[in-house]
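First to last, the sequence lines map onto chains A and B. Residue 85 in numbering that gives the first Met the number 0 is what sits at position 86 of the first sequence, and the numbering runs on without skipping anything. Residue 514 in numbering that gives the first Met the number 0 is what sits at position 515 of the second sequence, and the numbering runs on without skipping anything. Built from N, CA and C at the ideal position, the CB exists for glycine as well. Everything numeric in this text was worked out from a predicted model, so none of it was measured. First comes the structure, then the notes that go with it.
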Amino acid sequence: MTDPESIDAEISEALNAQKKSASNRKTLGVLTVTAFAMLGLGFASKPLYDTFCKITGYGGTTRVASENTSDVSDRVVRVQFDSNTSKDLAWDFTPEKPYMDVNIGANNLAFYTATNRSDETIVATSTFNVSPVKAGPYFSKLECFCFTEQTLAPGESAEFPVIFFLDPLLLEDRRLDEVTTVTLSYTFFPVENPVGTIKEAALK
Amino acid sequence: MVAIYGDGDDHAHNDKPTFFKRWFLSTNHKDIGTLYLWFGMASGLLGGFLSFMMRLELKEPGIQIFASEHTYLVFTSMHGLIMIFFMVMPALIGGFGNWFGPLMIGAPDMAFPRLNNLSFWLLPVAFVLLVSSFFVQGSSSGNGFGGGWVMYPPLSTSGHQGPAFDLIIMGLLAAGFASIFGAINFITTILNMRAPGMTMHKMPLFAWSILVTAFLLLLALPVLAAALFMLFFDRNAGTGFFNPAMGGDPEMFQHLFWFFGHPEVYIMILPAFGIVSHVVSTFSKKPIFGYLGMAYAMVAIGVVGFVVWAHHMYTVGMDVDLKLYFMVATLVIAVPTGIKIFSWLATMWGGSIRFEIPMLWAIAFIFLFVIGGVTGVVLSMPAIDVALHDTYYVVAHFHYVLSLGAVFGLFCGFYYWFGKIFGVMYNNILAQIHFWLFFVGVNVVFFPQHFLGMQGMPRRYIDYPVEFATYNEISTYGAFITLAGVIAFFVMMAEAFIVRRPAADNYWGEGATTLEWTLSSPPPYHQFNTLPRVK
Chain A
0 MTDPESIDAE ISEALNAQKK SASNRKTLGV LTVTAFAMLG LGFASKPLYD
50 TFCKITGYGG TTRVASENTS DVSDRVVRVQ FDSNTSKDLA WDFTPEKPYM
100 DVNIGANNLA FYTATNRSDE TIVATSTFNV SPVKAGPYFS KLECFCFTEQ
150 TLAPGESAEF PVIFFLDPLL LEDRRLDEVT TVTLSYTFFP VENPVGTIKE
200 AALK
Chain B
0 MVAIYGDGDD HAHNDKPTFF KRWFLSTNHK DIGTLYLWFG MASGLLGGFL
50 SFMMRLELKE PGIQIFASEH TYLVFTSMHG LIMIFFMVMP ALIGGFGNWF
100 GPLMIGAPDM AFPRLNNLSF WLLPVAFVLL VSSFFVQGSS SGNGFGGGWV
150 MYPPLSTSGH QGPAFDLIIM GLLAAGFASI FGAINFITTI LNMRAPGMTM
200 HKMPLFAWSI LVTAFLLLLA LPVLAAALFM LFFDRNAGTG FFNPAMGGDP
250 EMFQHLFWFF GHPEVYIMIL PAFGIVSHVV STFSKKPIFG YLGMAYAMVA
300 IGVVGFVVWA HHMYTVGMDV DLKLYFMVAT LVIAVPTGIK IFSWLATMWG
350 GSIRFEIPML WAIAFIFLFV IGGVTGVVLS MPAIDVALHD TYYVVAHFHY
400 VLSLGAVFGL FCGFYYWFGK IFGVMYNNIL AQIHFWLFFV GVNVVFFPQH
450 FLGMQGMPRR YIDYPVEFAT YNEISTYGAF ITLAGVIAFF VMMAEAFIVR
500 RPAADNYWGE GATTLEWTLS SPPPYHQFNT LPRVK
């Protein structure tokens, strides 16, 4: 242990150890940041996912349009109407007609009927999509009861309108050549803390 | 290949602390590794007990053992969670990773020894939280959480309003953070603390497998943590991340879960790949065939493993183009996996093969993993998967890669390093009995489940129509054989510790070339005070 070579070796080892612990701390920092970034990404996926669906029509998410300036085509598509309610909601909710045959590009008006079966006033809101999901990007709504919360007094019935058109861009999408039927589906859920028009604002 | 310069003055530092200090306040990577191994064994017994009760119940149609359907579902859910988070991960990564990660790269210990202690001791806490959920209200139908290990809402939110699932969330978060700390520790150790001359491209394949696994843990587990936090908020804080009535989407949970869940299956199998590589090379007395290809195949599996998650959820109604993408991406994984399988075979080819116990487990691993891999390729096709989704075919598939793949890798490493870890050798005949009982047993359990799945028997049901009775009965007999195998395993352990045949430094001879074989068995309490130099 006394010869100079081994002392040199010891000194260089000690220096190495110092360098090592500094680089260990640096690695620790980078990896910790990575872990937190992935945690953040997990939470960020919620707004990212919503935005992605709205932009791409992914998962049958329909579009919201402010006006319809398209030409009306000869191609006719059958639009079927589907209605569901959450088991916690004491409403009857049905489409007025089971289906409509619509020309692509034309504006259409359809009605759903809802009745409050309970003896208290209920506020409810609906989610929606279309199938086949690939028709989502071409299904545009000008006006829809689903944009806002709906309120029904005990025993009250109401007609909920939806104005929609099928975007003529659909004609150019070869993947939709086989589509002759599109189903529009709504599901109503009770709203525990009614917030008025926040949802409407979020949609626009 | 390896030479150590100077004997060092190791032995001056070789005093072991007192029992309490050594095992409860441990910062020594080998002691922590041993703790992980014992912990994995204990939770494996509980997880195995749950599955054994399930098999007893399914022996014949009707409800015989369980008091309620809910309890059966609690057993299936807890079996999955315990086996994944508290048996395979602690034993493979925590146990062997801690023991042989530092030894193989010539490091004196892990980079952050006290963080290592925290990683381990979070696990028993997590385990207590998880297991206590058995005894508190889960849903209106009884105690415990019965929503499956995948924990999909709304069954895990409005479907299980009792506190049982909150305990599970907290337990999994604790276990998850423990694994993230462990991953940070492993990556830092392997990147910064390799012995002089040990370049990345000379690093043993087991160290490579731990490095890739640690990166997968680091990137995947925080996403699970985020999903679990959201579930917790949805349940207890009135948020609606997964509640459609509040603008949320339950499908998003599935995306988040499987973004974690698919890398998780590679987290469980990659360390086994590493172990099997060493064992095949040792007992063929040849260096591993295509070393670099083997290392980068694991990296490729890790990378591609992050972009295939939605193949677990073909039935949610996704677009056909998306299914096409996920199918192709999934099939791509067969390429690096094939590289590994063929390289193992090429290593054996022309080698001087010895059928020692670890080699039996390694060959069985390769055989069973190929079966599980092939059914995986079948399931990757959306057109077939919509029919087989949630049937026993899927159960058979993932038990072939995990229960028969990862667990065989586990036993393979256990027998390979038994003498190195404990300093005593096992009895060859008892180990043979364990292997053959276990090998026959698990195959009899799971092979018939392929047929059950093809016939359409769904998973997660306590009862079934009489058409499925024959294969279910055979499968349950397999569970009895497996149980005998587990008993043989513990007899083998007891015998080895009672008789205490001392293990030589390198009891496998010239095929075993990695650094741990240059040390005594068991290695000194502190090793490599003078770093080994690798040429």
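{"query": "Out of B/Tyr414, B/Asn184 and B/Ser131, point me to the one whose CA is closest to B/Pro162's CA.", "result": "B/Ser131"}
{"query": "Could you tell me which uninterrupted alpha helix (DSSP H) segments, each at least 4 residues in length, are contained entirely in the stretch 157–227 of chain B, listed from first to last along the chain?", "result": "163–191"}
{"query": "Take B/Phe450 as the anchor and find which of B/Pro270, B/Glu466, B/Leu436 and B/Val279 has the nearest alpha-carbon.", "result": "B/Glu466"}
{"query": "Using a C-beta to C-beta distance shorter than 8 Å, which residues of chain B count as neighbours of A/Thr33?", "result": "Leu217 and Leu218"}
{"query": "Identify every run of the alpha helix (DSSP H) within the stretch 384–444 of chain B, keeping only runs that are complete inside it and at least 4 residues long; order them along the chain.", "result": "391–397 and 406–421"}
{"query": "Alpha carbon to alpha carbon, what distance is there between B/Tyr399 and B/Val373?", "result": "10 Å"}
{"query": "Would you say A/Pro160 faces chain B, with C-beta separation under 8 Å as the test?", "result": "no"}
{"query": "Report the rounded CA-to-CA distance for A/Gly154 versus A/Tyr57, giving the unit in angstroms.", "result": "37 Å"}
{"query": "Who are B/Lys15's beta bridge partners in DSSP?", "result": "Looking at the DSSP assignment, B/Lys15 forms no beta bridge with any residue, so it has no partner."}
{"query": "Between A/Phe188 and chain B, is any beta-carbon pair separated by less than 8 Å?", "result": "yes"}
{"query": "For B/Trp343, count neighbouring C-beta atoms within 10 Å of its own C-beta (all shown protein chains included) and say buried if the count is 16 or more, exposed if not.", "result": "buried"}
{"query": "Determine whether the beta carbon atoms of B/Ser205 and B/Ile274 lie at a separation below 8 Å.", "result": "Before going on, a small fix: residue 205 of chain B reads as Phe here, not Ser. In contact: B/Phe205 and B/Ile274 (Cβ atoms closer than 8 Å)."}
{"query": "Quick one: what's got a C-beta closer than 6 Å to B/Ala2's C-beta in the same chain, skipping five residues either side?", "result": "The predicted position of B/Ala2 is uncertain, since its pLDDT is 44 and thus under 50; no value can be drawn from it."}
{"query": "What number of angstroms, rounded off, separates the C-alpha of A/Tyr48 from the C-alpha of A/Thr60?", "result": "12 Å"}
{"query": "What residue does the alpha helix (DSSP H) around B/Phe256 start on, and which one ends it?", "result": "Pro249 to Ser283"}
{"query": "At a Cβ threshold of 8 Å, is A/Lys96 touching chain B?", "result": "no"}
{"query": "Between which two residues does the alpha helix (DSSP H) harbouring B/Tyr324 extend?", "result": "Val319 to Met347"}
{"query": "For A/Met0, count neighbouring C-beta atoms within 10 Å of its own C-beta (all shown protein chains included) and say buried if the count is 16 or more, exposed if not.", "result": "Model confidence at A/Met0 stands at a pLDDT of 45, short of 50, so the residue's coordinates are unreliable; what they give is reported in the following sentence. Counting Cβ neighbours within 10 Å, A/Met0 comes out exposed, since fewer than 16 surround it."}
{"query": "Just the C-alpha distance for B/Glu509 and B/Tyr463, rounded to the nearest angstrom, thanks.", "result": "54 Å"}
{"query": "Should A/Asn128 go down as buried or exposed, given a rule of 16 or more other Cβ atoms within 10 Å for buried?", "result": "buried"}
{"query": "Using only alpha-carbon positions, find the residue among B/Val127, B/Thr198, B/Leu210 and B/Phe133 that is nearest to B/Gly170.", "result": "B/Val127"}
{"query": "Report the residue from B/Tyr524, B/Pro521 and B/Trp516 whose alpha carbon sits nearest the alpha carbon of B/Met103.", "result": "B/Trp516"}
{"query": "Counting only the same chain and skipping the five closest in sequence on each side, list residues whose C-beta sits under 6 Å from that of B/Leu210.", "result": "Ile189"}
{"query": "Alpha carbon to alpha carbon, how far is B/Gly32 from B/Ser519? Give it in angstroms, no decimals.", "result": "17 Å"}
{"query": "Determine whether the Cβ of B/Thr212 lies closer than 8 Å to any Cβ atom of chain A.", "result": "no"}
{"query": "Given a cut-off of 8 Å on the beta-carbon distance, is the pair B/Gly412 and B/Phe95 in contact?", "result": "yes"}
{"query": "By the DSSP assignment, the alpha helix (DSSP H) with B/Asn471 in it spans what residues?", "result": "Ala468 to Val498"}
{"query": "Please name the residue or residues paired with A/Leu170 in a DSSP beta bridge.", "result": "Per DSSP, none; premise fails for A/Leu170."}
{"query": "Buried or exposed for A/Thr50, please, with buried defined as at least 16 other CB atoms from any protein chain shown within 10 angstroms of its CB.", "result": "exposed"}
{"query": "Should A/Thr182 and A/Asp91 be called a contact, given that it needs their Cβ atoms to be closer than 8 Å?", "result": "no"}
{"query": "Closer than 8 Å by C-beta to B/Pro249: which residues in its own chain qualify, once you throw out the five before and the five after it? Chain order, please.", "result": "Tyr151, Pro152, Pro153, Phe241, Asn242 and Pro243"}
{"query": "Which one or two residues does DSSP pair with A/Trp90 in a beta bridge?", "result": "A/Asn115"}
{"query": "Note down the Cα distance separating B/Ala361 from B/Asp389, rounded to an integer number of angstroms.", "result": "30 Å"}
{"query": "Taking the C-alpha atoms as reference points, what is the distance between B/Trp257 and B/Ser76?", "result": "16 Å"}
{"query": "Is there a C-beta anywhere in chain B that falls below 8 Å from the one on A/Lys133?", "result": "yes"}
{"query": "Does DSSP put A/Arg24 in a helix, in a strand, or in coil?", "result": "helix"}
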